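Reviewing the structure listed below.
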Amino acid sequence: MYVCICKGITESALREAVYQGAGRMRDLKASLGVTEQCGLCACHAKEVLDQTLLQKSQVQNFVSHSACACETAI
Ligand code: FES
Numbered sequence: 004m005y006v007c008i009c010k011g012i013t014e015s016a017l018r019e020a021v022y023q024g025a026g027r028m029r030d031l032k033a034s035l036g037v038t039e040q041c042g043l044c045a046c047h048a049k050e051v052l053d054q055t056l057l058q059k060s061q062v063q064n065f066v067s068h069s070a071c072a073c074e075t076a077i
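At position 55 of the sequence shown (counting the first as 1) the number is 58 in the numbering used here, and the numbers step up by one without a gap.
In structure tokens:
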């Protein structure tokens with residue numbers, strides 16, 4: 004699904020950028036150009052950013068807890 008029509012940026016492209024290290028709207032703007040033209044995509048892009056950051060932290064917590072279990076089992 005397109006988030007930014009002006010730049011042709013999809014939701015999956017935003018999520019990928021967040022998983023690659025973008026943590027703020029300014030990072031997404033710098034790397035993809037989101038909100039650079041009309042700016043109507045800002046709210047939706049921010050929602051995708053926040054949701055993806057939450058998912059990313061949950062995955063990292065799961066992985067770190069899994070690593071702890073492995074270490075204690077050894
Ligand atoms: S829709 Fe993103 S800048 Fe216009």
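All C-beta atoms, glycine included, are put in the ideal place defined by N, C-alpha and C.
Quantities reported herein were computed from a predicted structural model and do not represent experimental measurements.
Which two residues bound the contiguous beta strand (DSSP E) that contains residue i?
i	result
VAL6	5-7
Is residue i near the ligand FES, going by C-beta to nearest heavy atom under 7 Å?
i	result
LEU52	no
LEU35	no
GLU14	no
LEU43	yes
LEU46	The sequence shown places Cys at residue 46, not Leu. No, the ligand FES has no heavy atom inside 7 Å of this Cβ.
LYS10	yes
Grab me the residues of residue i's own chain with a C-beta within less than 8 Å of its C-beta, minus the 5 sequence neighbours each way, in chain order.
i	result
LYS49	MET28
Pick from the options: whose alpha carbon is nearest that of residue i?
i	options	result
VAL21	VAL66, PHE65 and LYS59	LYS59
LEU57	ILE8, HIS47, MET4 and ARG18	ARG18
TYR5	GLN61, HIS47, GLY26 and LEU31	HIS47
VAL37	HIS68, VAL51 and CYS7	CYS7
ALA16	THR55, GLN63, ASN64 and SER67	THR55
What are the start and end residues of the alpha helix (DSSP H) that includes residue i?
i	result
GLU14	14-22
LEU31	28-35
So what does DSSP say about residue i, is it helix, strand or coil?
i	result
ASP40	The sequence shown places Gln at residue 40, rather than the Asp named in the question. Note: GLN40 maps to coil in three-state DSSP.
LYS10	coil
ALA45	helix
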